[in-house]
Amino acid sequence: MGISFVLLPTTRCDGQELRLNQIQTIGTHNSYRLTPPPEILSMIRLALPDAADALDYSHLPIPQQLGELNIRQLELDIYADPEGGLFANPVGHESLPKTPENAARHPNVDGEMDAPGMKVLHSPGFDYGSTVPTFVAALRQIRRWSQSNPTHLPILILVELKESAVGPVLVKPVAFDAALLDAVDAEIRSVFSNDEMLLPDGIRGDSETLRDAIMQTGWPTLQQSRGRVWFALDNEGTIRDRYLDGHESLRDRVMFASVPVDHPAAAFRKLNDPVGSFAEIQDAVRRGLIVRTRADSETREARSGDTTRRDRALQSGAQYISTDYPVADPRLTDYRVRLEGGAEYRSNPVASVSE
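Numbering-wise, the sequence shown is residues -10 to 344 according to my numbering.
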């Protein structure tokens, strides 16, 4: 079931160029992820059939998503690995038959998991498949593509910091203390320069808080922000609070954070349920915030073909709509999430009307 939405104009009715919060584009959830090998998926299915279904999806390599599919929001899950090698030999992979094929798809086949630094994976035991092993390697892929396509719409990179694991594992994930939170920012800055990013400090400008800047000045125009990337922390709760601690209104930080609309750092919100949170999404968008929501979850929509959640996401005005299915899975239904003609973006159905 393809989307049949009419593209809205790329300028406002008053002739002025759209701002970043006045567009709508498609992203991917767990953008790095590969489904577990068949042997592991079969083991999971024996004990937890629903969990196996939820894990049975994969994504194309990140450069292909950006280039072939016009994806403009990515999500990377990262685990801290300050000493290196913590996730180099997942117990799930060790349980596989010793074949040349399995040896070739070992997550540390090139030794990159041995080096200290953030690692990209969903869970270190049995759900470890990734198209890119490290955070810095993923960021370099994105930067190379961006430099080759300098007029692209700004790419939002959502970063989830993971401190726990699902299922049996032989390693204990490392908690993100203040030093490791700083290390996440440092790894981003090691790849992208300030003028290649949209940063909280830049959006705040001379305003006292981010919220003031968003309400009074607004987001930059597309022309001002093309060719750049920006980062947002996926976590809420204690990890988000740790990230904000000592950085009022995200001063000197790299990532935006999902906070309530009345918070001094309010600029971005993660509201993943476009059905249950439909009114909340529209309220945030009308206040000038940028919202990320999800069109589908745990493969349910792709298996049933139900487009209700996807359609509400598009109608909500959320600027970034994340999916596991930018292309349909031929094993399931023809469910997919894309703008008409595979467009990079369309004018926002909520923000561009009210401003």
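All C-beta atoms in this analysis are idealised placements derived from N, C-alpha and C, irrespective of residue type, glycine included.
Considering Cα atoms alone, identify which of the options is closest to residue i.
i: S336; options: S311, T312, A307; result: A307
i: R240; options: G194, I270, A273, G216; result: G194
i: L58; options: P50, V218, L65; result: P50
i: Y117; options: N261, L75, T140; result: L75
i: G73; options: S47, L35, P122, A127; result: P122
i: G56; options: H252, L142, E329; result: L142
i: H94; options: D234, N78, S196, P319; result: It should be pointed out that residue 94 corresponds to Arg in this sequence rather than to His. R94 has its Cα closest to that of N78, out of D234, N78, S196, P319.
i: L278; options: F165, R34, E287, F257; result: F257
i: F220; options: G81, F124, P105; result: F124
i: L169; options: I228, L128, P209; result: I228
i: Q213; options: I192, D230, S196, G106; result: I192
i: T206; options: L222, K151, L150, R276; result: R276
Report the rounded CA-to-CA distance for residue i versus residue j, giving the unit in angstroms.
i: Y232; j: R178; result: 16 Å
i: L111; j: M32; result: The question names Leu, but residue 111 is His in the sequence shown. Cα to Cα, the separation comes out at about 18 Å.
i: V339; j: A268; result: 12 Å
i: A246; j: I146; result: 12 Å
i: Y21; j: M204; result: 34 Å
i: T140; j: A175; result: 26 Å
i: L321; j: V155; result: 26 Å
i: A332; j: N19; result: 21 Å
i: M244; j: P319; result: 36 Å
i: H252; j: P96; result: 40 Å
i: S293; j: S266; result: 22 Å
i: V173; j: P26; result: 30 Å
i: E347; j: D295; result: The structure shown does not extend to residue 347, since the chain is modelled only from -10 to 344, so the question has no answer here.
i: T120; j: V274; result: 33 Å
i: D103; j: D70; result: 9 Å
i: G114; j: L188; result: 34 Å
i: R325; j: A317; result: 5 Å
i: L85; j: T24; result: 15 Å
i: R242; j: N224; result: 15 Å
i: G81; j: D190; result: 42 Å
i: P263; j: I67; result: 25 Å
i: E237; j: T198; result: 8 Å
i: E185; j: D45; result: 35 Å
i: R281; j: N91; result: 36 Å
i: R215; j: E83; result: 44 Å
i: V98; j: S47; result: 20 Å
i: A43; j: L63; result: 19 Å
i: N261; j: T14; result: 15 Å
i: I29; j: P209; result: 46 Å
Please confirm if residue i has its CB atom under 9 Å from at least one CB of chain B.
i: P52; result: The structure shown contains no chain B; it holds only a single protein chain.
Which residues bound the beta strand (DSSP E) around residue i?
i: Q11; result: No beta strand (DSSP E) holds Q11; DSSP gives it neither H nor E.
i: Y309; result: 309 to 312
i: L65; result: 62 to 68
Which term fits residue i, buried or exposed, when burial requires 16 or more other beta carbons within 10 angstroms of its beta carbon?
i: C2; result: Only weak support exists for where C2 lies, its pLDDT of 44 falling under 50; the value from the coordinates is given anyway. With fewer than 16 Cβ atoms within 10 Å of its Cβ, C2 is classed as exposed.
i: P89; result: exposed
i: L7; result: buried
i: L211; result: buried
i: G226; result: exposed
i: K87; result: exposed
i: R327; result: buried
i: Q53; result: exposed
i: T297; result: exposed
i: K161; result: exposed
i: D166; result: exposed
i: N10; result: buried
i: G(-9); result: In this prediction, G(-9) scores a pLDDT of 35, lower than 50, which makes its location untrustworthy; the coordinate-derived value is nonetheless stated afterwards. Its Cβ having fewer than 16 others within 10 Å, G(-9) is exposed.
i: R200; result: buried
i: Y334; result: buried
i: G235; result: exposed
i: D39; result: exposed
i: L315; result: Per the sequence shown, residue 315 should be read as Pro rather than Leu. Buried is the call here.
i: Q136; result: exposed
i: R217; result: buried
i: D230; result: exposed
Can you tell me which residues form a DSSP beta bridge with residue i?
i: W219; result: L145
i: A246; result: L222
i: R281; result: K259, Y309
i: P123; result: Contrary to the premise, residue 123 reads as Thr rather than Pro in this sequence. T123 is bridged to K108.
i: M186; result: V218
i: K151; result: Y68
i: R335; result: Q13
i: R240; result: None; R240 has no bridge partner.
i: T210; result: R8
i: R22; result: S119
What first and last residue would you give for the alpha helix (DSSP H) that runs through residue i?
i: V316; result: That residue, V316, is in no alpha helix (DSSP H); it is neither H nor E in DSSP.
i: E28; result: 27 to 36
i: N59; result: First-last for N59: undefined, no H or E at that position.
i: I102; result: Ile is not the amino acid found at residue 102; the sequence shown has Met there. Taken as a continuous stretch (DSSP letters only), M102 belongs to no alpha helix (DSSP H), as it is neither H nor E.
i: H82; result: 80 to 83
i: V180; result: 167 to 180
i: D356; result: With the chain running from -10 to 344 in the structure shown, residue 356 is simply not present.
i: L49; result: That residue, L49, is in no alpha helix (DSSP H); it is neither H nor E in DSSP.
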